[in-house]
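First to last, the sequence lines map onto chains A and B. According to full-length UniProt numbering, the first sequence is numbered sequentially starting from 1. According to full-length UniProt numbering, the second sequence is numbered sequentially starting from 1. Glycine included, C-beta positions come from ideal geometry on N, C-alpha and C. In this text the structure is predicted, and so the values were computed from the model without any measurement.
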Amino acid sequence: MRWNPITSREEALTHLETVAIPHPWRRSIGLLDDDEDRSIGYISIFPGSGDDRSRANVGYILAAEYWGQGIVTAALRIAVSTVFADLPEVVRLQALVEVEHRASQRVLEKAGFLREGLLRKYGYCKGEIRDLFIYSLLSTDQLRI
Amino acid sequence: MDPEVKNSNFSEIITLRPLEVSDVDNLMVWASDERVARFCPWEPNTKREQGLDFIINRAIPHPWLRAICLNGKPIGSISVTKNSGNDACRGEIGYNLAWEHWGKGIATKAVKMAVKAVFEEWGPELERVEGLVDVENVGSQRVLEKAGFYREGLLRRYVVFKGRSRDMVMFSILCSDVENCSL
């Protein structure tokens, strides 16, 4: 993730109000627990603007205690099945993943994304320049089971 | 015998310099050509005013855009975009060359000169220069390969222009790939 961890309730509220809620396509991953629907993470799909609006970046986050159970993969598949209808100008979803982040690469592969290549020294993540894998899923791709 | 005619090494006669309003008629030679515009997002210019508009409103204010000159006469243009924030480590190269001068290694030479210049001028902040080339634009792919770029992958349906989705090949060159790069 590109941003630093949020450490206070005030920061979280600010983030929700200024970033998350006005976002063009962000869906909470909800856990139904004793009839209470709690948010345990989110999937975010961010289309470009102008000439880049056919392309959207995918990001996701999940509370650490829920890792390793296939939750993000399942949520991503649900997101992918609706996002092309919700954002009809988008033909390509893409995700950039750090080389060391094997778990995230597996999530994308299981959700049907194709790894297209390694982009060397592509961008800063938390103050360091990283090599990033680029993955994509097209509106015309069949979802892999 | 004129040594420049005999000499197939263009290093003395290809130069890069900023575009000026007085270059408009030379610019129109390539900007009006369908063959040059084919893999670009823009349509061929039909009026001189469009050329002037480009020079005044796009080329001159651009962070890094140069005319490619042969014996001092502009025959094309080359630019490197500058990014900010988390993307400041990379710039994207693009170029156009008048059709009559294709196939002589001029674009390759201009790309090498531009890459060297931006790595020097933008200092340690710039680590990567990338180029995105339409998968059907084999000529431009060869230019970047000959200029020392690495082909990193095919980005499917990466952009839409002229009504069609385009698959683009991503190329990059790092400062560390360039000889005598000081980083």
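The bridge partners DSSP lists for arginine 166/B are Val159/B.
In this structure, the alpha-carbon of alanine 56/A lies about 36 Å from that of arginine 17/B. In this structure, glutamate 127/B sits near leucine 174/B, with a CB-CB distance shorter than 8 Å. One finds Asn86, Cys89 in chain B with Cβ atoms closer than 7 Å to the Cβ of tyrosine 124/A, taken in chain order. Closest in alpha carbon position to serine 172/B, among Gly153/B, Pro74/B, Ser165/B, Glu120/B, is Gly153/B. The beta-carbon distance between valine 24/B and leucine 65/B, rounded to whole angstroms, is 15 Å. This is too long to meet the 8 Å contact definition. The beta carbons of proline 63/B and lysine 82/B sit closer together than 8 Å. If you draw a 10 Å sphere on the C-beta of serine 140/B, you find 16 or more other C-beta atoms in it, and that means buried. Residue contact with chain A for methionine 168/B: absent (no Cβ-Cβ distance below 8 Å to any residue of chain A). Tyrosine 60/A sits away from isoleucine 78/A, with the two beta carbons spaced by 8 Å or more. Between serine 84/B and leucine 19/B, the gap from beta carbon to beta carbon reaches 8 Å or more. For glycine 112/A, there are no neighbours in chain B by C-beta distance under 8 Å, as the nearest C-beta there is about 13 Å away. For valine 90/A, there are no C-beta contacts with chain B under 9 Å, since the nearest C-beta of that chain is about 10 Å from it.
DSSP places serine 176/B in the helix class (H, G or I) of the three-state scheme. Shown here, arginine 151/B sits in a strand according to DSSP, grouped into three states. The UniProt domain "N-acetyltransferase" (1-141) of chain A is shown to contain whole alpha helix (DSSP H) runs of 4 or more residues at 9-15, 71-86, 102-110, in chain order.
Per the C-alpha coordinates, the member of Asp86/A, Glu10/A, Gly127/A positioned closest to arginine 26/A is Asp86/A.
Residue burial annotation: glycine 70/A is exposed, with fewer than 16 other C-beta atoms found within 10 angstroms of its C-beta. Counting only runs that start and end inside the stretch 90-154 of chain B, the beta strand (DSSP E) elements of at least 3 residues fall at 90-97, 128-134.
Valine 97/A and phenylalanine 133/A do touch by the CB rule: their CB atoms are close to 5 Å apart, below 8 Å.
Residues of chain B whose Cβ lies closer than 9 Å to the Cβ of serine 54/A are, in chain order, Arg157, Tyr158, Val159, Val160, Ser165. Identification of chain B residues near arginine 120/A by a Cβ-Cβ cut-off of 8 Å yields Arg128, Tyr150, Glu152, Ser172, Leu174, ordered along the chain. For isoleucine 14/B, DSSP records a beta bridge to Leu70/B. At a cut-off of 8 Å between beta-carbon atoms, proline 41/B makes contact with chain A. Bounds of the alpha helix (DSSP H) holding tryptophan 30/B are 24-31.
In the structure shown, leucine 19/B adopts coil according to DSSP, grouped into three states. Listed as beta-bridge partners of serine 84/B by DSSP are no residues whatsoever.
Aspartate 51/A has a beta carbon lying within less than 8 Å of a beta carbon in chain B.
The C-beta of lysine 47/B has fewer than 16 other C-beta atoms within 10 Å across all chains shown, which makes the residue exposed. Under DSSP, glycine 76/B shares a beta bridge with Ile68/B, Leu97/B. The Cβ atoms of valine 58/A and alanine 95/A sit closer than 8 Å to each other.
Under a 10 Å Cβ-count criterion, arginine 120/A is classified as buried, with 16 or more other Cβ atoms of the shown protein chains found around its own Cβ.
In the DSSP assignment, phenylalanine 39/B is bridged to no other residue.
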